[in-house]
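Below is one structure, written out as structure tokens; the observations come after it.
Residue numbers (this note's numbering): -16 to 364.
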């Protein structure tokens, strides 16, 4: 049926199909149609072992190159012979806006000079909007600095930075990144990059507003550096995600006057009750985030059970007890989302207990429609 429709109408229909399986079926059954090809090739994941196959396909059907907007590639030290193929392929993706590079077993120095140059050229082209670097070993600081000056969204996950004794370069252009994620990176590895960021933000004693969204670690190993960055960008932040680990340390956030969304992720063991530092952080919201609209709490590890309430002496969250103090202190707050992260399917008892526990912690908003409680797992968490 799609083959009988104008391409423009077919594309609109494909984009509005509700279920994933229905959309996938429609795409597969009409894979020769241009609208379907645009959706099929819009976002690609190419394992490094399949680079040659992908290149062969693009060689035969050159028009498919223009459909690729998001690309994820994996680098492997044992397959460096394919470097030249990927190096030649990247410049041909003229509409590529999002690139994710997974290092796996490869170090940056394992890449051939042409492939290294291709990555640098792609950043310099100004076409990329988003760059994610995952488990890339010994990545040059110069590459990360170029990324900060080129892409709006930068994610740095479990990378190591190439050691250098040279002085940090001066910023030659303004930082372009508005959305920065730094996850599972040791302080010693990220220190040079954060130092460069701080120098670029503070120009002649004047703070330059740049980052609007930050996702940072708040465990003991990186907490001090994260706080420095939060303080430096406090006037421009609208979204802040913090991974607090077991939440054993306090969360001394500065005033974030225009922050709209705060997300706290933390790990719970088998101790009864929530971390006391969580209560303190939420109670401080009127002074740290007076304009907050959405508060998200993600529980990792062992979810609280209904029986825990018997031994839990902390009671409800102060702002959300029967007095409903949040109404006056946080007038813009419209949603509190509590999510229990579980890699395996949650039993009905676990779900019921978790829901009841959260109800006891937020009684003032339980029946207002503001409180959302969910359980599940996904790769992003």
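Just so it is clear, CB atoms sit at the ideal spot from N, CA and C, and this is done for glycine as well. Keep in mind the model is a prediction, meaning the values are calculated, not measured.
Asked                                                                                                              : Found
Short Cβ contact (8 Å threshold) for residue 250 with residue 294                                                  : no
Presumed contact (8 Å Cβ cut-off) between residue 140 and residue 167, rounded CB distance                         : 6 Å
Per-residue burial, residue 206 [other beta carbons within 10 Å of its own, 16 or more giving buried]              : buried
Inside the region 113 to 142 only - beta strand (DSSP E) runs reaching at least 3 residues                         : 113 to 117, 136 to 140
Helix, strand or coil at residue 209 according to DSSP, with G and I counted as helix                              : helix
Buried or exposed by the 16-neighbour rule on C-beta atoms within 10 Å, applied to residue 142                     : buried
In chain order, each alpha helix (DSSP H) run of at least 4 residues that lies wholly inside the region 263 to 337 : 268 to 271, 291 to 294, 309 to 312
Three-state secondary structure assigned by DSSP to residue 349                                                    : coil
Outcome for residue 5 when other beta-carbon atoms lying within 10 angstroms are tallied against a minimum of 16   : Bear in mind that the predicted position of residue 5 carries a pLDDT of just 49, short of 50, making it unreliable; the figure below should be weighed with that in mind. Flag for residue 5 reads exposed.
For residue 233, the first and last residue of its enclosing beta strand (DSSP E)                                  : That residue, residue 233, is in no beta strand (DSSP E); it is neither H nor E in DSSP.
Contact check, residue 79 vs residue 111, beta carbons under 8 Å                                                   : yes
Paired residues, beta bridge with residue 359 - DSSP                                                               : 324
Sub-8 Å separation of residue 56 and residue 69 beta-carbons                                                       : yes
Terminal residues of the alpha helix (DSSP H) in which residue 179 lies                                            : 170 to 184
Cβ pair residue 84, residue 117 closer than 8 Å                                                                    : yes
Beta-ladder partner(s) of residue 54, from DSSP                                                                    : 27, 82
Residues sharing a beta bridge with residue 250, DSSP                                                              : 283
Under the three-state DSSP convention, the category residue 90 falls into                                          : strand
Residues bridged to residue 244 (per DSSP)                                                                         : 222, 277
Proximity to residue 133 [Cα-Cα], best of 229, 145, 108                                                            : 108
Same chain, Cβ closer than 8 Å to residue 172, neighbours up to 5 away in sequence not counted                     : 142, 143, 144
Continuous alpha helix (DSSP H) stretch holding residue 198: start and end                                         : Unbroken run through residue 198 is the beta strand (DSSP E), 196 to 200; no alpha helix (DSSP H).
Range of the contiguous alpha helix (DSSP H) that encloses residue 144                                             : Careful: residue 144 lies outside any alpha helix (DSSP H) and carries neither H nor E.
Expected contact under 8 Å - CB spacing of residue 321 and residue 280 to nearest Å                                : 5 Å
Residue 261, DSSP secondary structure in three states                                                              : helix
Range of the contiguous alpha helix (DSSP H) that encloses residue 42                                              : 34 to 43
Span of the beta strand (DSSP E) around residue 111                                                                : Looking at the DSSP string, residue 111 is not in any beta strand (DSSP E), and its letter there is neither H nor E.
Residue burial classification, residue 189 (beta-carbon count within 10 angstroms, cutoff 16)                      : For residue 189, the predicted structure reports a pLDDT of 48, less than 50, and the residue's modelled location is therefore unreliable. The matter cannot be settled from this model.
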